[in-house]
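Following: one structure in structure tokens, then a few remarks.
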Amino acid sequence: MQTPHSIRRDGTVYGALLNDRATLERLAPQFDGAPYKAAPKAPVLYIKSRNTYAADGAVVEIPADPGVVRIDATIGLVIGRPARQVPAAQAMSHVAGLVIVSDLTLPHENYYRPAVVQRNRDGFCPMSEVLQGQPGFDLDQAALGVRVNGQQAYERSFATLLRPAAQLIADVTEFMTLAEGDVLLLGPGEGSPVGRAGDRVTITVPRLGELSHSLAEEKQA
Numbered sequence: 001m002q003t004p005h006s007i008r009r010d011g012t013v014y015g016a017l018l019n020d021r022a023t024l025e026r027l028a029p030q031f032d033g034a035p036y037k038a039a040p041k042a043p044v045l046y047i048k049s050r051n052t053y054a055a056d057g058a059v060v061e062i063p064a065d066p067g068v069v070r071i072d073a074t075i076g077l078v079i080g081r082p083a084r085q086v087p088a089a090q091a092m093s094h095v096a097g098l099v100i101v102s103d104l105t106l107p108h109e110n111y112y113r114p115a116v117v118q119r120n121r122d123g124f125c126p127m128s129e130v131l132q133g134q135p136g137f138d139l140d141q142a143a144l145g146v147r148v149n150g151q152q153a154y155e156r157s158f159a160t161l162l163r164p165a166a167q168l169i170a171d172v173t174e175f176m177t178l179a180e181g182d183v184l185l186l187g188p189g190e191g192s193p194v195g196r197a198g199d200r201v202t203i204t205v206p207r208l209g210e211l212s213h214s215l216a217e218e219k220q221a
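When you line the sequence shown up against the UniProt record's numbering, it's residues 1 to 221, in that order.
Here you go:
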């Protein structure tokens, strides 16, 4: 097995939308209408571009308007070898490690077009170092908590995913190759918390690790 320091994480970061059952249920009435008439059948992906990448301890600037960001805290799968049309039973053998991710976005509810302006601002993807779960860690049952300024603001369980990690890899690689160094985010949970300039955000996954960063008001150029 690769050590965390030898694992590449220099590829593309992909996020999966609508991978939480509660979110999909809440939005079901929208998908029943035009233009789609039904909920998506395949994974709905988006890309966090390289300018969004930030490290543990980063200070992330947010615009004064709207002055708030949504903290879509999640776990990312770091791909250790190329994955193409991989069955779910073999999918996790392509994962070299995990990262805790603060997938920041300006609040929005539009799933019909890419939310590049909202999700792809500089520094809007703080990620931990590559981590390995401690004994007893079960990704499919993992819990995640978000603290804002030391106060518990949010909790979620990955047991509510529409597509657990292995199935998500299988469904994504059905139509595209995941390369070594790519990161596939398991997606936001329902009811993500928000943060404002001056806040300190800490995301904890028991038996895996922790990620912290702060928020500051964007400086005008």
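Every residue gets a Cβ at the ideal spot worked out from N, C-alpha and C, and that includes glycine.
By DSSP, does residue i sit in helix, in strand, or in coil?
i, result
"A16", "strand"
"I169", "helix"
"H108", "coil"
"Q134", "coil"
"D122", "coil"
"T160", "helix"
"S102", "strand"
"V86", "coil"
"Q151", "strand"
"A72", "For the record, residue 72 in the displayed sequence is Asp; it is not Ala. Three-state result, D72: strand."
"L208", "coil"
"N179", "The amino acid occupying residue 179 in the given sequence is Ala; Asn does not appear at that position. Note: A179 maps to coil in three-state DSSP."
"S93", "helix"
"E129", "coil"
"L77", "strand"
"E25", "helix"
"R50", "helix"
"L139", "helix"
Keeping to the same chain, check which residues put their C-beta closer than 6 angstroms to that of residue i; ignore five residues upstream and five downstream.
i, result
"residue 254", "Here the chain has residues from 1 to 221 only, and residue 254 is not among them."
"D140", "P164"
"A166", "A88, A91, M92"
Residue i: buried (16+ other C-beta within 10 angstroms of its C-beta) or exposed?
i, result
"H213", "buried"
"N149", "exposed"
"T177", "exposed"
"P43", "buried"
"N19", "buried"
"V116", "exposed"
"V60", "buried"
"residue 225", "It is not possible to answer for residue 225, since the shown part of the chain is limited to 1 through 221."
"P40", "exposed"
"A64", "exposed"
"G33", "exposed"
"P126", "buried"
Out of the options, which one is the CA nearest neighbour of residue i?
i, options, result
"I169", "Q151, A28, G150, G76", "G76"
"I100", "L211, Q167, G198, E217", "L211"
"L45", "G97, D171, G209", "D171"
"A73", "D122, G145, P40", "G145"
"S192", "V201, G198, A166, Y154", "Y154"
"R147", "I203, Q167, L215, V69", "I203"
"Q152", "Q134, A159, D199", "D199"
Give me, in chain order, the residues of the same chain whose beta-carbon lies closer than 7 angstroms to that of residue i; leave out the 5 immediate sequence neighbours on both sides.
i, result
"G136", "R207"
"E174", "Q85"
"G209", "I100, S128, L131"
"F31", "A38, A39"
So residue i and residue j are in contact, right, with Cβ under 8 angstroms, and what is the actual spacing, rounded?
i, j, result
"I62", "T12", "I62 to T12, Cβ: 24 angstroms. No contact."
"V78", "V183", "6 angstroms"
"D103", "G15", "6 angstroms"
"L27", "G187", "Not really, about 13 angstroms apart at Cβ, beyond 8 angstroms."
"T52", "N120", "6 angstroms"
"P66", "L106", "6 angstroms"
"V205", "R9", "Their Cβ separation, rounded to whole angstroms, is 17 angstroms, which puts V205 and R9 out of contact at 8 angstroms."
"A54", "G123", "4 angstroms"
"G57", "I7", "About 20 angstroms; that fails the 8 angstroms criterion."
"L185", "V69", "Not confirmed; about 16 angstroms, so no contact."
Keeping to the same chain, check which residues put their C-beta closer than 8 angstroms to that of residue i; ignore five residues upstream and five downstream.
i, result
"P82", "H94, T177, L178, A179, E180"
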